[in-house]
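Read through the structure below, which is laid out as structure tokens, and then see the notes.
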Amino acid sequence: MKYRLLIAEDEEIDRIALHLLLSNEFPELEILDDADNGIEFVKIAEK
2 MKYRLLIAED EEIDRIALHL LLSNEFPELE ILDDADNGIE FVKIAEK
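Each residue of the sequence shown is one higher than the one before, counting from 2 in this note's numbering.
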């Protein structure tokens, strides 16, 4: 089963680290996108 994920984190370095860590540790994850605030996250999630 493939899981899909959106990352929401306001610190860019933390977003990058999360993306790298999660994609390396959990190859079954499909990281769709990332957002730097809640409003952007909701806009991405609604697509």
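The C-beta atom is built at its ideal place from N, Cα and C for all residues, glycine as well.
Here the structure is a predicted model, which means the values were calculated and not measured.
Going by DSSP, Asp15 is part of the alpha helix (DSSP H) stretching over Glu13 to Glu26. Per DSSP, reduced to three states, the secondary structure at Glu41 is helical. Contact between Leu33 and Leu7 is confirmed by a C-beta separation of about 5 Å, below the 8 Å threshold. In the three-state reduction of the DSSP assignment, Glu29 falls in the coil class. The C-beta distance from Asp11 to Asp37 rounds to 5 Å, short enough to fall under 8 Å.
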